[in-house]
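Visitor: Submitted below is the structure of interest, expressed as structure tokens.
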């Protein structure tokens, strides 16, 4: 299966993802997803106001995250984004710390990676810098890149 087919499959199964997310409806899970989303959004080193708005709109309207309130989803995304924009190193450390909290829950970790990949590919482009960050997130969650066709 090609990576594009993998992305297409994720998009087709948004309803299934939403059902899976319901199992992990808690703040740590949401924060890990938003931290990963911000890291991917910042993969090229910056994020424009237009990219921020596009990313927030996508997350806000992505059916999978409708199990959380829009307010808490956007607030979590903004908190990680603000931290990285203020101090890149400390902000990234904070984001990876949030992701790390889900390391011991294999099912949640795999779902987080799938969601982050879906968000990363939402604009139709999943470039090498984004793949590199996703691979770091996969490692932080003690998963294998090959399981997500990223080896």
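Residue numbers (the working numbering): 88 to 238.
Backbone N, C-alpha and C fix where the C-beta goes; we use that ideal spot for every residue, glycine too.
1) Can you name the start and end residues of the alpha helix (DSSP H) that residue 192 belongs to?
2) Any idea if residue 136 is buried or exposed, counting beta-carbon neighbours within 10 angstroms, 16 or more meaning buried?
3) Answer with buried or exposed for residue 156, where buried requires no fewer than 16 other C-beta atoms within 10 angstroms of its C-beta.
4) Is the separation between the beta-carbon of residue 186 and that of residue 165 shorter than 9 Å?
5) Is the beta carbon of residue 125 closer than 9 Å to that of residue 207?
6) With a CB to CB cut of under 6 Å and the five nearest residues on each side skipped, what residues in its chain are close to residue 120?
7) Just mark residue 233 as buried or exposed, buried being the case when its beta carbon has 16 or more other beta carbons within 10 Å.
8) Find out if the Cβ-Cβ distance for the pair residue 171, residue 160 is shorter than 9 Å.
9) Give the DSSP-derived three-state secondary structure of residue 245 in the structure shown.
10) Quick one: residues in its chain with C-beta nearer than 6 Å to the C-beta of residue 131, no 5 flanking neighbours on either side, listed in chain order?
11) Could you have a look at residue 181 and say whether DSSP puts it in helix, strand or coil?
12) Taking the beta carbon of residue 180 as the centre, do at least 16 other beta carbons fall within 10 Å, making it buried, or is it exposed?
Guide: Let me lay it out:
1) If you number the chain shown from 1, residue 192 lands on position 105. Premise fails: residue 192 is in no alpha helix (DSSP H) and is neither H nor E.
2) By 1-based counting over the chain shown, the position of residue 136 is 49. So residue 136 counts as exposed.
3) Here residue 156 refers to the residue found at position 69 when the chain shown is read from its first residue. With fewer than 16 Cβ atoms within 10 Å of its Cβ, residue 156 is classed as exposed.
4) Position 99 of the chain shown, counted from the first residue, corresponds to residue 186. Position 78 of the chain shown, counted from the first residue, corresponds to residue 165. No, Cβ-Cβ distance for residue 186 and residue 165 is not below 9 Å.
5) Translated into positions along the chain shown, residue 207 becomes position 120. Translated into positions along the chain shown, residue 125 becomes position 38. Their beta carbons are not under 9 Å apart, which means residue 207 does not touch residue 125 by this criterion.
6) Numbered from 1 along the chain shown, position 33 holds the residue referred to as residue 120. Taken in chain order, the residues that qualify are 199 and 202.
7) Taking the first residue of the chain shown as 1, we reach residue 233 at position 146. Looking at its Cβ environment, which holds fewer than 16 other Cβ atoms inside 10 Å, residue 233 is exposed.
8) Taking the first residue of the chain shown as 1, we reach residue 171 at position 84. Taking the first residue of the chain shown as 1, we reach residue 160 at position 73. No. Outside cutoff.
9) Lying outside 88 to 238, the shown extent of the chain, residue 245 is not represented and no answer is given.
10) One-based indexing of the chain shown puts residue 131 at position 44. Hits under 6 Å: 216.
11) The residue given as residue 181 occupies position 94 in the chain shown. Note: residue 181 maps to helix in three-state DSSP.
12) In the chain shown, residue 180 corresponds to position 93, counting from 1. It counts as exposed.
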